[in-house]
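Peer 1: First, the structure itself, so that you have it in front of you.
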Amino acid sequence: MERHILLAALYASAAAVTAPAMAQTRNNERATNEEIIVTGVLRDTMASKAPISSTTVGEEKIQTTVPLSAADLLTEIPGVVVNSDAGEAKATVFARGLSNGTDASTYGYYWTTMMEDGLPLTPAPYSNFQPDMFLRADVTIKRVQAVRGGSAAITGPNAPAGLFNYISKNGMTDPGGQVIVRLGNEGDGNLYQKYDAYYGWHNDDKTLAWSVGGDYRHGYGYRSIAYPMNYGGQIKANMNYSYNSDWGSGGLLVSFKYLDDHTGTNDTFRPITIGFNDPQFLPGFGRDVNYLPTGDLAHTVPFGSDGSRNWDPSNFSHEKSFAGTIKWDHTFNNGLKLSNNLRIQNNSVEHTYATDFAYQSLLNSATWTTMGTAAAGLSNTPGYFTLTNRSTGQVLARVYRITSASQNGVCVTAVTNGYCMDRNTPNLLPNQTLVNQAPIDSSNLILMTGTSNSSGIINSRDITDLFTLTKDFGKVTITAGVYFNQTSFSRDFAYGGRAILPLQNQPTTLGVAFTTTTTSTAGGAAGTTYQITDPTGYGALGSSVGLTLRDRAHVREISPLLGITWEANSHLLLDAGARLTMYRGWGENNRFVTNPNAATRSFGGVDGTATTIYDNVYAVDTAAGHFPFDKSITYAQFTGAASYLFSPRFSMFARFTLGKKNNDAFWDGFNVAQNLVDQFSLAPLPTLKSAELSFQWRNRWLQFNPVFYFTDLNNVPVRRNDGFLADGVTRYTTPPFMAHYQSYGIELDNTVRVAKWLNFRNVLTVQRSLSLSFPSISLGTCNGVPTATTCPGGIQPQDDDTATYSSGPQPLAADLVYNGTANLRFGRFGAYYRFRYIGSRPVTIRNTFRLAPQKLSDMGVTYNVNDRLTLQFNVNNLFNDASPTKVGTVGTIPSNMTEADFIAQYPNALSTVQVNAPRSFFFTASARF
1 MERHILLAAL YASAAAVTAP AMAQTRNNER ATNEEIIVTG VLRDTMASKA
51 PISSTTVGEE KIQTTVPLSA ADLLTEIPGV VVNSDAGEAK ATVFARGLSN
101 GTDASTYGYY WTTMMEDGLP LTPAPYSNFQ PDMFLRADVT IKRVQAVRGG
151 SAAITGPNAP AGLFNYISKN GMTDPGGQVI VRLGNEGDGN LYQKYDAYYG
201 WHNDDKTLAW SVGGDYRHGY GYRSIAYPMN YGGQIKANMN YSYNSDWGSG
251 GLLVSFKYLD DHTGTNDTFR PITIGFNDPQ FLPGFGRDVN YLPTGDLAHT
301 VPFGSDGSRN WDPSNFSHEK SFAGTIKWDH TFNNGLKLSN NLRIQNNSVE
351 HTYATDFAYQ SLLNSATWTT MGTAAAGLSN TPGYFTLTNR STGQVLARVY
401 RITSASQNGV CVTAVTNGYC MDRNTPNLLP NQTLVNQAPI DSSNLILMTG
451 TSNSSGIINS RDITDLFTLT KDFGKVTITA GVYFNQTSFS RDFAYGGRAI
501 LPLQNQPTTL GVAFTTTTTS TAGGAAGTTY QITDPTGYGA LGSSVGLTLR
551 DRAHVREISP LLGITWEANS HLLLDAGARL TMYRGWGENN RFVTNPNAAT
601 RSFGGVDGTA TTIYDNVYAV DTAAGHFPFD KSITYAQFTG AASYLFSPRF
651 SMFARFTLGK KNNDAFWDGF NVAQNLVDQF SLAPLPTLKS AELSFQWRNR
701 WLQFNPVFYF TDLNNVPVRR NDGFLADGVT RYTTPPFMAH YQSYGIELDN
751 TVRVAKWLNF RNVLTVQRSL SLSFPSISLG TCNGVPTATT CPGGIQPQDD
801 DTATYSSGPQ PLAADLVYNG TANLRFGRFG AYYRFRYIGS RPVTIRNTFR
851 LAPQKLSDMG VTYNVNDRLT LQFNVNNLFN DASPTKVGTV GTIPSNMTEA
901 DFIAQYPNAL STVQVNAPRS FFFTASARF
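Numbered per this note's numbering, the sequence shown spans residues 1 to 929.
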């Protein structure tokens, strides 16, 4: 079965083979350079024998283009949509219109997965712990094999919509050396530099080989950031040994990888715009504007009462990976073939970047409560906040908290939420006249940054193994095996703090102080001044305002696999396969709460000073915040296919798959009460039914491979864990309400060779992606306040656990996706021009507004100075197009409105937008030896 699972082709080279050629294979007439498939199979398989939808991206494409990230290589795959505008890591990737669950860059591979040399990079993925954090597209990558839909559910680790396998070079297949130097400008004059090196060797009889390679790069990204956004690299090495013995022949491949890298993300600080359908940048707020705080802002964060962590935004996300792999293949004399691929790895990422950016009004109460005043018991204390330039001490603005009408005389603005601007203090903050055209607190706007994902370390220790046995009985081949993974997962976060910044390019944090105007128990004597921020401008350090927690989880997956292939005759091939998964997750979440002394005016916090609020409100671990869990589930998946060879040039196949996905990382929601853990069930699982029909035809000048597909994704659970019981106090998790999605379309991947020196490759996807039903869950509340009886005015509240279902398109799924490349090769000269297009796509199920079509053009020119030295020049985004890829609202929308309602009513409100990277230039010199 699974040796026929993946059909792959090198469309851009003469070695491309797309049509099954079973008769040729049986007569030993196949070309020796035919692609060997190792992705999605239980046994290495020739491409001509694999009835499945797939594509291979070869080394030439990898090295002649300049991808923004490793995920960007997947833009060459039909049916796959990639958004890597956020940065080199944490891309969002989905296949065949299944966009739900992948809209956030913190978890962008929900239905698919990335693999390295046949095994998953993150066997137990998690929010802010994605596979592309631990993968770099450098000179050690030989090719990328991708299978979408189909049997990915059977051969892949919990990824029913697609597998993307990045295959490394080794000395046996790639002897010799290569050095690559790449310099560039990523936009706004930001220098980019990358250095790659590789060397491979084998002995004369190819029984022993080794290779070593890696990369280092240093770049600032395309924003005007004061410190490098991406810097670091990796080193990879492997050794091959092949043998012949009395009991058969085989080979051993031992691999090692060490990655130490930093990556930043642009998605957490989007520029401000006006409108949603066609957002327009405001003057001074272009796509290259930087809202990350500048200056030396590193500071110490309390972690409970027993330690601390350091926070430094210039480190961004610091990824480390140490992985070792042993792959053993052996063929016994009786034809029985054994393969075992074992990977042991330790992946970790330390998040210390500034995130949770918000455009907030100085007159919004949340501005001040999230700075720690609520935890300190100062929320209702009369007084005023003073914002100062930390470098000069200049007062930039003063905000009064008004608790009685008699205090209005200090106001120069209307009192909003109990706050106003001081009439006696000039407001020197920039862009204070910017006002939202919507009912949102948006006068006197400033930037706020939190660090909910910062000062945190996520670590995963994985043991992953895939073992298979294959026996050929003539026309029938049976493959049996088992996939095993054991992951020990830990997450420790100390809230890095919250800061206020002026709304401008290249901002730095402001100093914030609060002075009481009335003597009170909560605030002490009138005239007392409390320092809300530390010397770096951050407050609420280590508090429960953000994430301060300690999680420990263990995951075990055991999946027996079985596949049967029957080659009925030289034309007809049938295969079928099944996978049984036994999944278990257990561990404990610890959620810290504000220390009980925080509101005590005599409490001095970490530094012993009662008036330094910033270190007085740290969170502590308590027994009530411990939530143990132990969940398990068993489920099965199936696939079957038939392929028919009409002639050596024309064939077709059909495949049906019933796949499922477990709710990995389910424990993330266990953060309120133990009964949430008790009530949560892993069942039912999302079920994905997939049908494919493919035709393959080729001759010397044309390769044509349309794939018709239909996917039905049902039983996708939607829950809320903020429901209340009748007492209005006890929380609970609602039962799951099921969402239902469908997509269908046609994928086309073809190459037209006009001449030996010119060809055109076209990758086209035309599809419809639908949300048949999506639940909006009611919790029986009155304006957000739970009640067991009636709402004010005698209105009876809705019952808890009710859902209203809406239907429409799948958000962010375009009906048309195209990637076309013209390739020119003439003597020593080569060039390409690539045009990528993603059609307009809805942002909400109700299709309230749509992202405009995305259009990007890239070009590259190469010149082979000689057989060893190649020079290359690339321009990404040739015409400097700026296409929105994500759009959001500014401020907190009214509680009685959904986002779709708000956008429909206020289409010209202030918005935030993420766009693609601007035009960038790269020069590359590559030397082989």
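C-beta atoms are modelled at their ideal positions from N, C-alpha and C, and glycine is treated no differently.
1. Pull up the distance between the alpha-carbon of Lys471 and that of Leu73, whole angstroms please.
2. Kindly confirm or deny that the segment 898-908 and the segment 269-279 touch, where touching means at least three C-beta pairs closer than 8 Å.
3. Which of helix, strand or coil does DSSP assign to Val482?
4. Do you know offhand how far Ala494's Cα is from Asp356's?
5. Run through DSSP, which three-state label would Gly214 get?
6. Take Thr425 as the anchor and find which of Ala522, Arg491, Tyr400, Tyr863 has the nearest alpha-carbon.
7. Please state whether the Cβ-Cβ distance between Trp328 and Val476 is less than 7 Å.
8. In terms of DSSP beta bridges, what is Met448 paired with?
9. Compute the beta-carbon to beta-carbon distance between Val865 and Arg287, rounded to the nearest angstrom, for a pair I have assumed lies under 8 Å.
10. Considering only residues of the segment 77-133, which uninterrupted beta strand (DSSP E) runs meet the minimum length of 3 residues and lie entirely inside it, listed in chain order?
11. Short check: CB of Thr508 to CB of Thr263, under 7 Å?
12. Judging by CA-CA distance, which residue of Ala691, Val716, Leu824, Asp575 is the nearest neighbour of Val754?
13. For Trp111, which residues of its own chain have a beta-carbon under 6 Å away from its beta-carbon, when the five flanking residues on both sides are left out?
14. In the structure shown, what three-state DSSP assignment does Val139 receive?
15. Do Gly101 and Arg148 have their C-beta atoms closer together than 7 Å?
16. Which residues in the same chain as Gly527 place their Cβ atom closer than 7 Å to its Cβ, once the five residues preceding and following it in sequence are excluded?
17. When the Cβ atoms of the segment 548-556 are set against those of the segment 586-595, are three or more pairs found closer than 8 Å?
18. I need the DSSP call for Met738, collapsed to helix, strand or coil.
19. Comparing C-alpha positions only, which one of Thr889, Ala619, Glu88, Ile532 sits nearest to Val545?
20. Once DSSP output is grouped into helix, strand and coil, what is the label at Thr521?
21. Could you tell me which residues DSSP puts in a beta bridge with Gly377?
22. Do you know how far the Cα of Asn750 is from the Cα of Ala21?
23. Could you compute how far the alpha carbon of Ile154 sits from the alpha carbon of Leu562?
24. Near Arg143, what residues of its chain come up, given a Cβ to Cβ distance below 7 Å and the 5 sequence neighbours on each side ignored?
25. If I'm right that Asn662 touches Leu682 with Cβ under 8 Å, what's the distance once you round it to whole angstroms?
26. Identify, in the order they occur along the chain, each residue of the same chain with its Cβ nearer than 6 Å to the Cβ of Gly604, setting aside the five sequence neighbours on each side.
27. For the alpha helix (DSSP H) that contains Leu676, what are its first and last residues?
28. Let's test the definition: count the other Cβ atoms within 10 Å of the Cβ of Thr912 and tell me whether it reaches 16, buried, or not, exposed.
29. In this structure, how does DSSP classify Asn408 when only helix, strand and coil are distinguished?
30. How close, in whole Å, do the beta carbons of Val254 and Ile326 come, if the pair is a contact with beta carbons under 8 Å?
31. Using CA atoms only, rank isn't needed, just tell me which of Ser442, Ser379, Arg398, Thr479 is closest to Ile272.
32. Applying the criterion that 16 or more other CB atoms from any shown protein chain within 10 Å of the CB defines a buried residue, is Phe592 buried or exposed?
33. Less than 7 Å between the beta carbons of Phe873 and Val861, yes or no?
34. Which one or two residues does DSSP pair with Leu183 in a beta bridge?
35. Excluding five sequence neighbours on each side, which residues of the same chain lie with their C-beta closer than 7 Å to the C-beta of Gly221?
36. Return the chain-ordered ranges of every beta strand (DSSP E) run that is complete within the segment 279-351 and spans a minimum of 3 residues.
Peer 2: So, from the data block:
1. 35 Å
2. yes
3. strand
4. 15 Å
5. strand
6. Tyr400
7. no
8. Ala358, Ile500
9. Actually they are not in contact, since the Cβ atoms of Val865 and Arg287 sit about 37 Å apart, beyond 8 Å.
10. 80-83, 92-95, 112-116
11. no
12. Leu824
13. Leu98, Ala161
14. coil
15. no
16. Thr515, Thr516
17. yes
18. strand
19. Ala619
20. coil
21. DSSP output for Gly377 lists no bridge partner at all.
22. Only weak support is given to the placement of Ala21: the predicted model assigns it a pLDDT of 28, under 50, and the value that follows is read from those uncertain coordinates. Using only the alpha carbons, I get a separation of about 18 Å.
23. 9 Å
24. Thr56, Val57, Gly58, Glu59, Ile167
25. 7 Å
26. Ala610
27. 674-679
28. buried
29. helix
30. 5 Å
31. Ser442
32. buried
33. yes
34. Gln193, Phe923
35. Gly87, Glu186, Asn190, Met229, Asn230, Gly264, Asn266
36. 299-302, 308-311, 317-331, 337-351
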